[in-house]
């Protein structure tokens, strides 16, 4: 029995995986992944975006990443929660690098507006629309934020950058009653995440986007700024 490898065999990634995985109507390209951990992360964000962070099966992630060993994912990430954290963190760290110095500068000023804060948040997020991995990340965010909206209503944030943004926004909404301010902050978080996710899914569908990334970012800032700064007509006696 011959053990000679063909050129096609030699070019395949380890574990029997191929560089292009087809799932439904969408193609997943794994050619840029450099190791097993990277492949698992890319497949996970792809399936999380389409099937849900709690519904995507670990077995499917391992199989699409070409891992015959069923424990590969647990070896690298420990659990589903560990995998979700790793998927989010690799994008969040890149975004934080862009946002942090801008927030540092903004916090030194006293004349900043809601719009200035939103531009710091929106522009790096919308830049994720330009890559398949970034679009998957944007489609995952609303699934995570849905569980955190209750924390926002209680004034709790879990990440330093997010906490700084919330504090800055809260400072510019100070004329509103506290319950209304907190609801406005929930509106901010849910609007920005759901609109980015929706646009990412729209691009992935193959339909040419209505706006390019720069115009879409400006549109988001316009819409969310208007929502945050809208007049409050809630009866103060109603709780």
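Residue numbers (this note's numbering): 2 to 240.
Positions of the beta carbon are idealized from the N, C-alpha and C atoms, including for glycine.
Helix, strand or coil at residue 39 [DSSP, three-state]: helix
Nearest-angstrom Cα separation, counted from residue 130 out to residue 140: 10 Å
Length-filtered (4 minimum) alpha helix (DSSP H) runs lying within the region 52-84: 59-65 and 73-78
Close-in-space but distant-in-sequence residues of the same chain around residue 233 (CB under 8 Å, 5 per side omitted): 177, 178 and 181
Between the CA atoms of residue 199 and residue 81 - distance to the nearest angstrom: 24 Å
Opening and closing residue of the alpha helix (DSSP H) in which residue 219 lies: 214-229
Segments assigned alpha helix (DSSP H), at least 4 residues, entirely inside the region 80-129: 81-108 and 115-127
Continuous alpha helix (DSSP H) stretch holding residue 178: start and end: Element bounds for residue 178: n/a, residue is neither H nor E.
The region 195-213 / the region 163-174 touching (three or more Cβ pairs under 8 Å): no
Residue closest to residue 117, alpha-carbon to alpha-carbon, out of 229, 31 and 42: 229
Nonlocal neighbours in the same chain, by C-beta distance under 6 Å from residue 236, ignoring five residues either side: none
Alpha carbon of residue 52 to alpha carbon of residue 78, nearest angstrom: 20 Å
For residue 92 and residue 196, the rounded distance between their alpha carbons: 18 Å
Touch test, the region 105-114 against the region 56-70, Cβ-Cβ under 8 Å, three pairs minimum: no
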